[in-house]
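Here this note's numbering is used: the first residue of the sequence shown is 1, the next is one more, and so on.
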Amino acid sequence: MIDFHSHVLHHIDDGSHNVDESITMLKMSYAQGIDTMVFTPHFRFGEYSIKEWLRLRQEKVDQIREALTEEDKKMIPRAVLSAEIEFHKDMNHWDYLGEFRIQGTNYIMTEMPFMPWTKQNMEVVEDILYNTPYIPIIPHIDRYFHTFTEQKYIDRFYRIPVMVQMNAIYINGVHNVPFFKPLFDARKIQLLGSDCHSMEWRQPDLGQAIDRLREVCGQEILDEIDARGREMLKDAIYIEW
Ligand SMILES: [Fe+2]
């Protein structure tokens, strides 16, 4: 299976703290049946320039590569670079928006605000969807459930052709079956992610969520999600470890 959302790269955001932790997270994911990961470090406008952020991201990859042994390489998923872009009201006009796509594809992960969404927020995402070459992935839709986010906006994402991603932690939550099952049954969730951050805080846990989904929703839905992810990544440019 594919993990579309992860913070495995060290010291670029609030994810992994060092190379060893990154490698442990990769191995832990692979041991859970994850053969492909998308690296989605946060990009927050104003924190770094785009040039500096891209340099940092590549530097982290290079450091991990140098530390991996030949044995390690057999025990980690293949991986592709991308980003989790913090919502910005002008992001639809950034001339460098394409730098954040899953490399080799047209998918970009646009993180919605953690405050009540507005019509303008929705218009930014829809402008990207309809007026740029890029297709938004809406990460961790579950984070906006049971909050101040208006349901009509969440529902809109289920209707337009963006990719909606759910985090493993929500699927693993013991009381969440009545909330997530109808969404998967109605094919409203397209992608899965661990959104793993470190070994101390939010470890890789997608394997458990996959087992749970199989139990609750059946193998067919997992097969569909997996096939969709592989189709999305068919031209992806993977990191050469
Ligand atoms: Fe994330």
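Note that CB positions come from ideal geometry on N, CA and C, so glycine has one too.
Residue range of the alpha helix (DSSP H) that includes residue i
i: M25; result: 19-31
i: P178; result: 177-185
i: V8; result: Where V8 is concerned, there is no enclosing alpha helix (DSSP H), given that its DSSP letter is neither H nor E.
i: M122; result: 119-131
i: Y153; result: 151-159
i: M109; result: Not the alpha helix (DSSP H): M109 falls in the beta strand (DSSP E), residues 107-111.
i: M232; result: 219-232
Which of helix, strand or coil DSSP assigns to residue i
i: V164; result: strand
i: I12; result: coil
i: Y238; result: coil
i: H140; result: coil
i: L81; result: strand
i: H42; result: strand
i: Y134; result: coil
i: E200; result: coil
i: E47; result: coil
Limits of the beta strand (DSSP E) - the one that residue i falls within
i: L97; result: That residue, L97, is in no beta strand (DSSP E); it is neither H nor E in DSSP.
i: G173; result: Here G173 belongs to no beta strand (DSSP E), and DSSP marks it neither H nor E.
i: G193; result: 191-193
For residue j and residue i, the rounded distance between their alpha carbons
i: V216; j: V177; result: 8 angstroms
i: P161; j: R214; result: 25 angstroms
i: Q203; j: S16; result: 10 angstroms
i: F45; j: E123; result: 19 angstroms
i: L233; j: V174; result: 31 angstroms
i: M1; j: K51; result: 32 angstroms
i: I64; j: I221; result: 34 angstroms
i: F157; j: A31; result: 33 angstroms
i: I239; j: E224; result: 25 angstroms
Residue i versus the options, residue with shortest Cα-Cα distance
i: L97; options: D205, F43, H140, I64; result: F43
i: G207; options: M199, L192, S198; result: L192
i: H93; options: A79, T118, L68, D127; result: D127
i: I108; options: K27, H175, E99, M115; result: E99
i: E111; options: D95, K89, Y130; result: K89
i: I169; options: A209, Q219, R65, A67; result: A209
i: V8; options: E231, Q58, N121; result: Q58
i: D253; options: W201, A67, H197, N172; result: This structure cannot settle anything about residue 253, because the visible part of the chain is limited to 1 through 241.
i: V61; options: H10, D205, F87; result: H10
i: D14; options: W241, M115, C196; result: C196
i: H5; options: A186, E86, R101, T40; result: T40
i: I85; options: D235, S29, W53; result: W53
i: G33; options: D3, T69, I225; result: D3
i: W241; options: E70, L129, N18, D95; result: E70
i: Q219; options: I239, D185, R101; result: D185
i: M115; options: T147, R230, N18; result: T147
Beta-carbon contacts of residue i that lie in its chain and below 8 angstroms, excluding the five residues immediately before and after
i: K27; result: D72, M75, I76
i: T132; result: N92, L97
i: M166; result: H140, I141, D142, F180, L183, I189, L191, L192, G193
i: I154; result: I141, Y144, F145
i: N172; result: D205, Q208, A209, R212
i: Y48; result: L56
i: S82; result: V38, F39, T40, F100, R101, I102, Q103, Y107, I108, M109
Same chain, Cβ closer than 7 angstroms to residue i, neighbours up to 5 away in sequence not counted
i: I237; result: V80, Q103, G104
i: T24; result: M199
i: N121; result: F87, M112, P113
i: S22; result: V8, L9, H10, S16, I64
i: D235; result: G104, T105
6 angstroms CB neighbourhood of residue i in its chain, flanking five on each side removed
i: W117; result: T149, Y153
Minimum Cβ-Cβ distance from residue i to chain C less than 7 angstroms
i: G218; result: Looking for chain C here will not work: only one protein chain is present.
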